[in-house]
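**Q**
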Amino acid sequence: MKKSMLNLDKNKKYLLACSYGPDSMYLLELLRKEGYKFAVAHVNYHFRKESDEEEKALREYCYKYNIGLYVYSNDQAIVSNLEEEAREIRYKFFKTVYDRNGFDVLLVAHHKDDNLETYLLQKQRKNLPLFYGINPETVINEMVVIRPLLDIYKEDIIKYNKDNNIPYSIDVTNLENVFLRNRIRNQLLKYSNHYQKEKIASEIIKENERLDIIKCKLNEHDINSIKFLLTLTNEELAYGLTMLIRKVLPDYECSSRFISEIKKVCQSKKSNVLIPLKDDYFLCKEYDVLSIRKLETFEPIKVDSPTLIDNDLFYFDLEKRGEDKGLKYPLTIRPYVKGDTYKIKDYEVQVNRLFIDWKMPMYLRKLWPLFEYDGKIIYIPRYQSDFELKNDKYFYVKCRFALKK
Numbered sequence: 216m217k218k219s220m221l222n223l224d225k226n227k228k229y230l231l232a233c234s235y236g237p238d239s240m241y242l243l244e245l246l247r248k249e250g251y252k253f254a255v256a257h258v259n260y261h262f263r264k265e266s267d268e269e270e271k272a273l274r275e276y277c278y279k280y281n282i283g284l285y286v287y288s289n290d291q292a293i294v295s296n297l298e299e300e301a302r303e304i305r306y307k308f309f310k311t312v313y314d315r316n317g318f319d320v321l322l323v324a325h326h327k328d329d330n331l332e333t334y335l336l337q338k339q340r341k342n343l344p345l346f347y348g349i350n351p352e353t354v355i356n357e358m359v360v361i362r363p364l365l366d367i368y369k370e371d372i373i374k375y376n377k378d379n380n381i382p383y384s385i386d387v388t389n390l391e392n393v394f395l396r397n398r399i400r401n402q403l404l405k406y407s408n409h410y411q412k413e414k415i416a417s418e419i420i421k422e423n424e425r426l427d428i429i430k431c432k433l434n435e436h437d438i439n440s441i442k443f444l445l446t447l448t449n450e451e452l453a454y455g456l457t458m459l460i461r462k463v464l465p466d467y468e469c470s471s472r473f474i475s476e477i478k479k480v481c482q483s484k485k486s487n488v489l490i491p492l493k494d495d496y497f498l499c500k501e502y503d504v505l506s507i508r509k510l511e512t513f514e515p516i517k518v519d520s521p522t523l524i525d526n527d528l529f530y531f532d533l534e535k536r537g538e539d540k541g542l543k544y545p546l547t548i549r550p551y552v553k554g555d556t557y558k559i560k561d562y563e564v565q566v567n568r569l570f571i572d573w574k575m576p577m578y579l580r581k582l583w584p585l586f587e588y589d590g591k592i593i594y595i596p597r598y599q600s601d602f603e604l605k606n607d608k609y610f611y612v613k614c615r616f617a618l619k620k
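According to our numbering, the sequence shown is numbered sequentially starting from 216.
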């Protein structure tokens, strides 16, 4: 094995995520020997009795070689998804250190066996990844993340560490088959020979080449267009929807059942459909367009006299354009509530029916301002999809511009 497998820019400032395991200590040693500008970030979860000893040993090592070290001692109780919550804790810490100290890149010591494990895990779970295996360079929480050891096998790392007296600790929980990844690691890859591993590595390359062709096709078109989405194969549609949703929700997983549901929605004659995703985000069908929206509303605004109202959602100069709208005071500007009615001439109409007739997108219906006086709606700004701001510079709803695709 070469003395160094690193091919990093020496003008960059690196933050190394280090657990004191063999992989991150190997990478630490290479960075030190090759003279890179870097510091170390370590999270002590206190999960194991060895955790404090590992932190102490890492402190001594960094002190010996005058390497900057940032340590976070976690006191949060993790009661549900151990792996996911631990990841959130450490990346939140890395982000803080990264931003405060002007680092350019976060380095993570994933190796070739990790890459194979991830691929087999993706296949076993039937995930729809946008990259098979581990991506060598990504962006997480607005941090550039590079994994420079993906071409090096674990056994080569261990051998190098032993030959060069590099200290490290083994997390014994990694040898238990508690998690699916550990089961793959200990039951499958452990007994695979070099030829079998290289065969899996070649398979990953081919899968990513095939995936690149699909992504290239999708990137050349508007994946918000239902007309385009309906021309795709089921696999292409699945990746198209995954790409669309992950622009807003990066970790969202699309199941085959979910994909089938969306396809039926695209084919249906319904103009407006909302499908819940998570955290108040919805996949919205708005006529011939699919988009991801966070459905929000606003708190009622009390207005005692003509004044200027200027916020993120609307601009109303009630002093200049209040009288010609028939406004009376005190009034309340509020969002739509189910069952609202509005009198047009001598006819009482359902406000929701007006929204439908105006072909107002679903995401706007909770944001659209209604003017209420004495318990009755006395004015509703008209929605027009082709509305231009110059038509009424004193009285307009901003959200149609801010959110319109």
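For each residue, glycine too, the CB sits at the ideal point set by N, CA and C.
Tell me A301's beta-bridge partners as DSSP assigns them.
**A** Start at 1 with the first residue of the sequence shown, and residue 301 comes out as number 86. Paired residues: none, contrary to the question.
**Q** Check each candidate in A324, M358, V480, L426 and name the one with the smallest Cα separation from L364.
**A** Locating residue 364 in the sequence shown gives position 149, where the first residue counts as 1. Measuring from the Cα of L364, the nearest candidate turns out to be A324.
**Q** Sorted by chain position, which residues of the same chain lie with C-beta nearer than 7 Å to I420's C-beta, five sequence neighbours on each side aside?
**A** Position 205 of the sequence shown, counting from 1, holds the residue named residue 420. So the list is empty, once near-sequence residues are dropped.
**Q** Could you please give the first and the last residue of the uninterrupted alpha helix (DSSP H) stretch that includes G283?
**A** On the sequence shown, position 68 is the one that residue 283 refers to. Where G283 is concerned, there is no enclosing alpha helix (DSSP H), although the beta strand (DSSP E) it sits in stretches over 283 to 288.
**Q** Whose CA, out of Y375, L335, A256, V258, lies closest to the CA of P237?
**A** Here residue 237 corresponds to residue number 22 of the sequence shown, with the count starting at 1. The candidate whose alpha carbon is nearest that of P237 is Y375.
**Q** Let me check understanding here. Comparing Cα to Cα, which of Y229, L464, N289 lies closest to R305?
**A** Position 90 of the sequence shown holds residue 305. Of the listed residues, the one whose Cα sits closest to R305 is N289.
**Q** I'd like the ranges of any alpha helix (DSSP H) spanning at least 4 consecutive residues and lying wholly in the stretch 420 to 466.
**A** The stretch 420 to 466 is shown to contain whole alpha helix (DSSP H) runs of 4 or more residues at 441 to 444, 449 to 461, in chain order.
**Q** With a CB to CB cut of under 6 Å and the five nearest residues on each side skipped, what residues in its chain are close to E244?
**A** Residue 244 sits at position 29 when you count from the first residue of the sequence shown. Excluding positions up to five away in sequence, the list reads I381.
**Q** What do you reckon, are the CB atoms on K591 and T547 nearer than 8 Å?
**A** For this step, residue 591 is matched to residue 376 along the sequence shown. For this step, residue 547 is matched to residue 332 along the sequence shown. It is not a contact, given that the beta carbons lie outside the stated cut-off.
**Q** From P658 to N226, what distance separates their C-alpha atoms?
**A** An answer regarding residue 658 cannot be provided, because it is not within the stretch 216 to 620 covered by the chain.
**Q** In chain order, which continuous runs of the beta strand (DSSP E) of length 3 or greater are located wholly inside the stretch 539 to 569?
**A** 546 to 549, 556 to 559, 562 to 565
**Q** Taking Cβ to Cβ, would you say L452 is nearer than 8 Å to L444?
**A** For this step, residue 452 is matched to residue 237 along the sequence shown. For this step, residue 444 is matched to residue 229 along the sequence shown. Their beta carbons are under 8 Å apart, which means L452 touches L444 by this criterion.
**Q** Exposed or buried, F570, counting other C-beta atoms within 10 Å across all chains shown (16 or more means buried)?
**A** By 1-based counting over the sequence shown, the position of residue 570 is 355. Classification for F570: buried.
**Q** Please report the distance separating the alpha-carbon of I385 from that of E269.
**A** Within the sequence shown, residue 385 is the residue found at index 170, counting from 1. Within the sequence shown, residue 269 is the residue found at index 54, counting from 1. Using only the alpha carbons, I get a separation of about 10 Å.
**Q** By DSSP, does H409 sit in helix, in strand, or in coil?
**A** Along the sequence shown, read from residue 1 onward, the residue named residue 409 stands at position 194. Reduced to three states, the DSSP call for H409 is helix.
**Q** Out of Y229, Q339, D527, which one is the CA nearest neighbour of K613?
**A** Here residue 613 is taken as the residue at index 398 of the sequence shown, counted from 1. The shortest Cα separation from K613 among Y229, Q339, D527 belongs to D527.
**Q** Check for me: the beta strand (DSSP E) holding R508 runs from which residue to which?
**A** If you number the sequence shown from 1, residue 508 lands on position 293. Run containing R508: 504 to 509, per the beta strand (DSSP E) assignment.
**Q** In this structure, how does DSSP classify E627 when only helix, strand and coil are distinguished?
**A** With the chain represented from 216 up to 620, any question about residue 627 goes unanswered, as that position is not in the structure.
**Q** Using 10 angstroms around the beta-carbon of K377, count the other beta-carbons present and answer buried if the total reaches 16, otherwise exposed.
**A** Along the sequence shown, read from residue 1 onward, the residue named residue 377 stands at position 162. K377 is exposed by the Cβ-count criterion.
**Q** When the Cα atoms are used, what is the spatial distance from R461 to K560?
**A** Taking the first residue of the sequence shown as 1, we reach residue 461 at position 246. Taking the first residue of the sequence shown as 1, we reach residue 560 at position 345. The straight-line gap from Cα to Cα measures roughly 47 Å.
**Q** Less than 8 Å between C-beta atoms, sequence neighbours within five positions excluded: which residues of the same chain meet that for K485?
**A** Along the sequence shown, read from residue 1 onward, the residue named residue 485 stands at position 270. Here the set comprises K500.
**Q** Taking the straight line between their C-alpha atoms, what separation do you get for Q337 and N330?
**A** Counting from 1 along the sequence shown, the entry for residue 337 is found at position 122. Counting from 1 along the sequence shown, the entry for residue 330 is found at position 115. Whole-angstrom Cα-Cα distance: 11 Å.
**Q** From the DSSP secondary-structure annotation, give me the bridge partner or partners of K493.
**A** The residue you call residue 493 lines up with position 278 of the sequence shown. Looking at the DSSP assignment, K493 forms no beta bridge with any residue, so it has no partner.
**Q** Roughly how many whole angstroms lie between the Cα atoms of Y229 and F253?
**A** On the sequence shown, position 14 is the one that residue 229 refers to. On the sequence shown, position 38 is the one that residue 253 refers to. Spanning the two alpha carbons is a distance of roughly 4 Å.
**Q** Mind checking A292: buried by the 16 CB within 10 Å criterion, or exposed?
**A** Looking up residue 292 in the sequence shown gives position 77. Flag for A292 reads exposed.
**Q** Grab me the residues of L221's own chain with a C-beta within less than 6 Å of its C-beta, minus the 5 sequence neighbours each way, in chain order.
**A** By 1-based counting over the sequence shown, the position of residue 221 is 6. Cβ neighbours of L221 beyond the five flanking positions: L245, P363.
**Q** I need the boundaries of the alpha helix (DSSP H) containing V480, first residue and last residue.
**A** Reading the sequence shown from its first residue, position 265 is the one you call residue 480. Under the DSSP assignment, V480 falls in the alpha helix (DSSP H) whose first and last residues are 471 to 482.
**Q** Compare the Cα-Cα distances from N259 to each of R274, N316, Y251, R247 and report the closest residue.
**A** Here residue 259 is taken as the residue at index 44 of the sequence shown, counted from 1. Among R274, N316, Y251, R247, the Cα nearest to that of N259 belongs to R274.
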